[in-house]
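Residue numbers (this note's numbering): 6 to 161.
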Amino acid sequence: MSYPSDPRALARKHLERRLAPLRAADLSRPPRGWIRALRDSLGMTAAQLAARIGVSQPRITVLEKAEASGNVTLASLREAAEGLGCTFVYALVPNAPLDDMLRARAGAAADLQLARTHQTMMLENQALEPAELRAERERLVEEMLRGDLRRLWDTP
């Protein structure tokens, strides 16, 4: 699906290279959260972390509970990371390669478009043969992928 002169395809390829190590890593949050896991591993108390980032000890307890429940802010995580001597990393890692996601989305859009057209053609006794239908689907997918990708996301 990559088109050499397509800057979007080059940008996706570059992003995929950056995402590859993240896909391979186990980045699942520890049950009690990263802050607590790191703090415990470093032998640091909540009071000590609080002093390092200039907040009260109860604020650390609240922060750890918020992280474990998924209700923490990025700013709070960044602040805690600094206090723990860590680098805060924030990323959204796609569940599949970006090109695969686009092709699947274009395929679904093509299927929807073909279903409407093919139904009408069947009623008029002009239905396409399965091989012709597959070829038309592939043509539509390629056309969509070369076009404005934003249009792929117009329907839910």
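Built from N, CA and C at the ideal position, the CB exists for glycine as well. Quick caveat: nothing in here was measured; it's all calculated off a predicted structure.
Check, Outcome
"Distance CB(Leu107)-CB(Leu157) smaller than 8 Å", "yes"
"Distance, Pro35 Cα to Asn76 Cα", "15 Å"
"For Gly90, three-class secondary structure by DSSP", "coil"
"Pairwise C-alpha distance: Glu134 and Ala30", "45 Å"
"CB-CB length for Leu15 against Arg44, believed under 8 Å", "With 8 Å as the limit, Leu15 and Arg44 do not qualify as a contact, their Cβ atoms being about 42 Å apart."
"8 Å Cβ cutoff met for Ala86 and Arg37", "no"
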